[in-house]
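According to our numbering, the stretch in the sequence shown is residues 50 to 363, in order.
Positions of the beta carbon are idealized from the N, C-alpha and C atoms, including for glycine.
Computed from a predicted structure; not experimentally measured.
Written below as structure tokens is the structure these notes are about.
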Amino acid sequence: MTTPILQPPGDFAPQTVDKVERLLGLLGEINDHRYLGPRLVLHGGTALNVFHLDIPRLSVDIDVLYVGAVSRDTMLAERPEICGELETLAYKLGYRHNAPPEEYAGVTYKFVYRTRWGEDMIKVDLNFLNRSPILGHEMTPCRHCIPEVQFRVVPYAELIAGKIKALVERRSAATRDLYDLYRASQVDFDDWALLQSIVVHYWTLADTFPRSLDGSMVERFLGQERGLESDLFPVLLPAERPKLGEMVEAVALFLERLGALSPEQRKYMDLMAESGEYRPELVFSPWPEVLERAKSSPAAAWKVHNLQKRGHRH
């Protein structure tokens, strides 16, 4: 397809705009691919900011979930072809890469290219573990590019839950995640109970679980103004310069509200923490379709396996 032309709501840095246009072009080719298209779903910052929202910030990575099958055996059988087809597609588009290290959960590619600004890369993180996003996925257009690019995307509420999980797992202060949650804290969610249950579900999947769900996790950002200059501001519009303290305070309150658990949500977390017992019906029974996906979640099964193997302690 023709490389999409981004039409953002303002004047972002040209080098970053070029990268997002290349990213959208790659996503468009993946979506049109006979094998990859039906099996890959977008999540993460690009799904959130470029597809769901009106580009409050640019996002320069591709994070995709393999959803071709919940079955582990089918996933393992299809994994080599998924990777091979993606590598072939990237090569045809002019990208080069070195063989990436593989882990059970997935593989991360760095597709390198040259521009008038020098050498750059698009990072593509391919996740084979979270094969059953609990809200499913929906074909979603990027409304700010010509020609239009569509991709299968995880719904907004689940993206926010994933952002919270990513924020607590990252060892360094991830100011882009903080900014995304700062904006989410200002949203009037249609179904707060569902959002809270999804957040609880993702929280128990985090590497840091059984840490408590509260606002203290963002305290590490205080005094990290340098991270705003280096990591966040380059992907924002020039007029958008949020204050670190304001973001930390808003996100802390957002997390505190999410952490005000119902008795059922508390029991769900306690059972996971104390005995590695997975009881999704405690949090998802009001939403039967969500419950069915949660019951078959490979990511939850993997977490339970690790909790039990480690004696339910981290």
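Item                                                                                                                                                                                : Value
So what's Lys159 in DSSP terms, helix, strand or just coil?                                                                                                                         : strand
Just reading off the alpha helix (DSSP H) that His250 is part of, what are its end residues?                                                                                        : Trp241 to Leu254
Can you find the residues in the same chain that come closer than 6 Å, C-beta to C-beta, to Asp174, ignoring five residues on each side of it along the sequence?                   : Asp112 and Thr157
Take the Cβ of Gln314 as the centre, count every other Cβ of all protein chains shown within 10 Å, and call the residue buried at 16 or more, exposed below.                        : buried
Three-state secondary structure (DSSP) at Leu55?                                                                                                                                    : strand
Kindly list the residues whose CB is nearer than 8 Å to the CB of His361, restricted to its own chain and excluding five residues on each side of it in sequence; keep chain order. : Since pLDDT at His361 reaches only 44, below the 50 mark, its modelled position is unreliable, and no value is offered.
Does the stretch 204 to 217 touch the stretch 71 to 83, meaning 3 or more C-beta pairs lie closer than 8 Å?                                                                         : no
Which same chain residues, not among the five before or five after Val248, have their C-beta less than 7 Å away from its C-beta?                                                    : Ala210, Ile213 and Leu307
Which of the three DSSP states is assigned to Thr189 in this structure?                                                                                                             : strand
Between the C-alpha atoms of Lys176 and Arg83, what's the straight-line distance to the nearest angstrom?                                                                           : A quick correction: the sequence has Asn, not Lys, at residue 176. Distance between the alpha carbons of Asn176 and Arg83: 19 Å.
Does DSSP put Phe85 in a helix, in a strand, or in coil?                                                                                                                            : Reading the sequence as shown, one finds Leu at residue 85 and not Phe. Leu85: coil per DSSP, three-state reduction.
Nearest by alpha-carbon distance to Arg275: which of Asp240, Thr224 and Ile183 is it?                                                                                               : Thr224
Please identify the residue among Leu138, Lys159 and Leu142 whose C-alpha is closest to the C-alpha of Ala148.                                                                      : Lys159
To test your reading of the DSSP string, which unbroken alpha helix (DSSP H) runs of 4 or more residues are found completely within the stretch 165 to 238?                         : 205 to 218 and 224 to 233
Below 8 Å between beta carbons: does that hold for Asn80 and Gln199?                                                                                                                : yes
Do the CB positions of Ile183 and Arg328 come within less than 8 Å of each other?                                                                                                   : no
From what residue to what residue does the alpha helix (DSSP H) around Tyr153 run?                                                                                                  : Careful: Tyr153 lies outside any alpha helix (DSSP H) and carries neither H nor E.
Quick check on DSSP: helix, strand or coil for Leu285?                                                                                                                              : coil
Check this for me: beta carbons of Ser181 and Ser334, under 8 Å apart or not?                                                                                                       : no
Do you know offhand how far Pro337's Cα is from Leu243's?                                                                                                                           : 12 Å
Would you report the Cα separation of Gly93 and Phe238, rounded to the nearest angstrom?                                                                                            : 19 Å
On a Cα-Cα basis, can you pick out the residue from Ala139, Leu293, Val109 and Tyr162 that is closest to Glu78?                                                                     : Ala139
Taking all protein chains shown into account, decide if Asp122 is buried (16 or more other Cβ within 10 angstroms of its Cβ) or exposed.                                            : exposed
Please state whether the Cβ-Cβ distance between Met296 and Val217 is less than 8 Å.                                                                                                 : no
Report all residues from its chain with a CB closer than 8 Å to the CB of Glu168; omit the five preceding and five following residues, and keep chain order.                        : Val161 and Tyr162
Does the distance from the C-beta atom of Phe282 to that of Arg290 stay below 8 Å?                                                                                                  : yes
Considering Cα atoms alone, identify which of Leu55, Ile54, Pro57 and Phe61 is closest to Leu286.                                                                                   : Phe61
What three-state label does DSSP hand Leu138 in the structure shown?                                                                                                                : helix
Where does His101 fall in DSSP's three states?                                                                                                                                      : helix
Taking 6 Å as the limit between beta carbons, can you name the residues of its chain near His364, skipping five residues before and five after?                                     : Absent from the model: residue 364. The displayed extent of the chain is 50 to 363, so no value can be given.
Looking at the structure shown, is Arg145 part of a helix, part of a strand, or coil, going by DSSP?                                                                                : strand
Taking the alpha carbon of Leu125 as the reference point, which residue from Val236, Ala154 and Arg145 has its own alpha carbon closest?                                            : Ala154
So, with DSSP's three-state summary, where would you put Leu310?                                                                                                                    : coil
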